[in-house]
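Chemist:
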Amino acid sequence: MKKSVLFNIMLAGLNLFSSEVRNQSIILPTYTYPGSEYWKQVVRMGGNNIEYVIINPSSGPGTKKDSNYVTQIAKVRKSGIRILAYIPTTYQKRPIEEVYGDIEKYFRLYGKGNIDGFFFDEIGVEKEKEVNYMKELYSYVKNLSRNYMIVSNPGRQITDKISPYSDIFVTSEINGDEYINRFTEPESEFEKNIGNSKHIYHIIYDVKPEQYETVVRLSRKRNAGWIMITDDRLPNPYDNAPSEFSKLVDIILKK
Numbered sequence: 000m001k002k003s004v005l006f007n008i009m010l011a012g013l014n015l016f017s018s019e020v021r022n023q024s025i026i027l028p029t030y031t032y033p034g035s036e037y038w039k040q041v042v043r044m045g046g047n048n049i050e051y052v053i054i055n056p057s058s059g060p061g062t063k064k065d066s067n068y069v070t071q072i073a074k075v076r077k078s079g080i081r082i083l084a085y086i087p088t089t090y091q092k093r094p095i096e097e098v099y100g101d102i103e104k105y106f107r108l109y110g111k112g113n114i115d116g117f118f119f120d121e122i123g124v125e126k127e128k129e130v131n132y133m134k135e136l137y138s139y140v141k142n143l144s145r146n147y148m149i150v151s152n153p154g155r156q157i158t159d160k161i162s163p164y165s166d167i168f169v170t171s172e173i174n175g176d177e178y179i180n181r182f183t184e185p186e187s188e189f190e191k192n193i194g195n196s197k198h199i200y201h202i203i204y205d206v207k208p209e210q211y212e213t214v215v216r217l218s219r220k221r222n223a224g225w226i227m228i229t230d231d232r233l234p235n236p237y238d239n240a241p242s243e244f245s246k247l248v249d250i251i252l253k254k
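Per numbering that gives the first Met the number 0, residue 0 is the first one in the sequence shown, and the count goes up by one each step.
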């Protein structure tokens, strides 16, 4: 075999190897009340297995401090897991001052030092005003601290125009059947770039435990550096721990 042919084969193999995500991390939407068995399992797993959880006291911070959330947050942080605070934007139709107000409420109610970032839900990605809204919101949070993690949830593929204005985007939030059989491939150069895997987060619900490995394998090919998988279902697929939770975490974190 000629050296040039051999080199081309080796290069093709290298490109194939490098086009798949090999190191994934977990962000959990934990939309369940403190003290639940789900929370207990999360705390037992700790920060070595789960990097972030999303807290959501009342579709946002609510209006008053909940002592049970105070206790739960302390347990989560002690376990080494970082905390993202849930805030909706209603597809950027909510006055941005209200979103800023929710940020300040989280600080006031649960302690600025207990919040590691924000999960902005219901994000539009196409209209210029939606992009400008996220640009302003991103700048506001980063001016508070460059260390805050910003996760934004369009639940669908994004555009290149909006890609600079979040640290992580949820580019897919769909059920297991759709993810396996009818996945919509991204169009943006941002999502296609393997170097951006740590900016891409996939949430897949209603996945049968026997499908966990298939979904993880597909998510790696689809450039998702962050992932959440559960067999829980709508209307709230994030209020119970996934079945075979420990097994699922092992599959995700396996290199």
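All C-beta atoms in this analysis are idealised placements derived from N, C-alpha and C, irrespective of residue type, glycine included.
1) Taking 7 Å as the limit between beta carbons, can you name the residues of its chain near ASP65, skipping five residues before and five after?
2) With a 10 Å radius around its C-beta and 16 neighbouring C-beta atoms as the bar for buried, classify ILE102 as buried or exposed.
3) Return the chain-ordered list of same chain residues with a C-beta closer than 6 Å to the C-beta of PHE268, the five sequence neighbours on each side being excluded.
4) Quick one: grab the DSSP three-state call for ILE114.
5) When the Cα of ASN263 is compared with those of THR29, ARG21, GLN23, which residue comes out closest?
6) For the alpha helix (DSSP H) containing ILE251, name the first residue and the last one.
7) Within the continuous beta strand (DSSP E) that includes ILE82, where are the two ends?
8) If you follow the beta strand (DSSP E) that THR170 is part of, which residue opens it and which one closes it?
9) Along the alpha helix (DSSP H) that carries VAL150, what are the first and last residues, could you check?
10) Indicate the three-state DSSP secondary structure (helix, strand or coil) for SER24 in the structure shown.
11) Name the DSSP bridge partner or partners of ILE228?
12) Helix, strand or coil: how does DSSP classify PHE119 here?
13) Spatial neighbours of TYR164 within its chain, please: CB distance less than 6 Å, with the 5 preceding and 5 following residues excluded, ordered by chain position.
14) Taking the beta strand (DSSP E) that ILE54 belongs to, which residues open and close that run?
15) Please report the distance separating the alpha-carbon of ASN67 from that of LYS111.
16) Expressed to the nearest angstrom, what Euclidean distance is found between the alpha-carbon atoms of ASN131 and PRO94?
17) Look at the alpha carbon of ASP159 and the alpha carbon of GLU188, and state the distance between them as a whole number of angstroms.
18) Could you tell me if PRO185 is buried or exposed, where buried requires 16 or more neighbouring beta carbons within 10 angstroms of its beta carbon?
19) Can you give me the C-alpha to C-alpha distance between ARG107 and LEU83, rounded to a whole angstrom?
20) Please name the residue in GLY61, GLU96, VAL42 whose C-alpha comes closest to that of LYS74.
21) With 16 other CB atoms within 10 Å as the buried threshold, where does ILE80 fall?
22) Would SER242 and ASN222 qualify as a contact pair, given that the criterion is a beta-carbon distance under 7 Å?
23) May I ask you to report which of helix, strand or coil DSSP gives GLN40?
24) Which residues bound the alpha helix (DSSP H) around THR70?
Modeler: Put simply:
1) Taking the first residue of the sequence shown as 1, we reach residue 65 at position 66. Cβ neighbours of ASP65 beyond the five flanking positions: PRO56.
2) As a working note, residue 102 is residue 103 in the sequence shown. Classification for ILE102: buried.
3) Since the first and last residues shown for the chain are 0 and 254, residue 268 lies out of range.
4) Sequence index remark: in the sequence shown, residue 114 carries index 115 (1-based). If DSSP states are grouped into helix, strand and coil, ILE114 belongs with coil.
5) Absent from the structure is residue 263, since the part of the chain shown begins at 0 and ends at 254.
6) As a position in the sequence shown, residue 251 is number 252, starting the count at 1. Boundaries of the alpha helix (DSSP H) around ILE251: 244-252.
7) Locating residue 82 in the sequence shown gives position 83, counting from the first residue. Run containing ILE82: 81-87, per the beta strand (DSSP E) assignment.
8) Taking the first residue of the sequence shown as position 1, residue 170 is located at position 171. Start and end: 167-174.
9) The sequence position of residue 150 within the sequence shown is 151, counting from 1. Secondary structure note for VAL150: it is in no alpha helix (DSSP H), and the uninterrupted beta strand (DSSP E) holding it is 148-152.
10) Here the question's residue 24 lines up with position 25 in the sequence shown. Reduced to three states, the DSSP call for SER24 is strand.
11) What you label residue 228 is simply residue 229 of the sequence shown in a count that begins at 1. In DSSP, ILE228 forms a bridge with ILE203.
12) Within the sequence shown, the letter at position 120 stands for residue 119. Three-state result, PHE119: strand.
13) Position 165 of the sequence shown, counted from the start, is the residue given in the question as residue 164. Beyond the five residues adjoining it in sequence on each side, TYR164 comes within less than 6 Å, by CB distance, of MET133, LYS134, TYR137 in the same chain, given in chain order.
14) Translated into the one-based positions of the sequence shown, residue 54 becomes position 55. Unbroken beta strand (DSSP E) run through ILE54: 51-54.
15) Residue 67 sits at position 68 when you count from the first residue of the sequence shown. Residue 111 sits at position 112 when you count from the first residue of the sequence shown. ASN67 and LYS111: Cα-Cα distance of roughly 17 Å.
16) In the sequence shown, the residue the question calls residue 131 occupies position 132. In the sequence shown, the residue the question calls residue 94 occupies position 95. Rounded to whole angstroms, ASN131 to PRO94 spans 13 Å at the Cα level.
17) By 1-based counting over the sequence shown, the position of residue 159 is 160. By 1-based counting over the sequence shown, the position of residue 188 is 189. Approximately 7 Å between the Cα atoms of the pair.
18) Counting from 1 along the sequence shown, the entry for residue 185 is found at position 186. For PRO185, the number of other beta carbons within 10 angstroms of its own is at least 16, and it is reported as buried.
19) By one-based count along the sequence shown, residue 107 stands at place 108. By one-based count along the sequence shown, residue 83 stands at place 84. Straight through space, the alpha carbons of LEU83 and ARG107 are spaced by roughly 15 Å.
20) Within the sequence shown, the letter at position 75 stands for residue 74. The shortest C-alpha to C-alpha distance from LYS74 to any of GLY61, GLU96, VAL42 is the one to VAL42.
21) As a working note, residue 80 is residue 81 in the sequence shown. Counting the other Cβ atoms within 10 Å of the Cβ of ILE80 gives 16 or more, which makes it buried.
22) Here residue 242 corresponds to residue number 243 of the sequence shown, with the count starting at 1. Here residue 222 corresponds to residue number 223 of the sequence shown, with the count starting at 1. Not in contact: SER242 and ASN222 (Cβ atoms no closer than 7 Å).
23) The residue labelled residue 40 in the question sits at position 41 within the sequence shown. Here DSSP, grouped into helix, strand and coil, assigns GLN40 to helix.
24) Locating residue 70 in the sequence shown gives position 71, counting from the first residue. Where THR70 is concerned, the enclosing alpha helix (DSSP H) stretches over 66-77.
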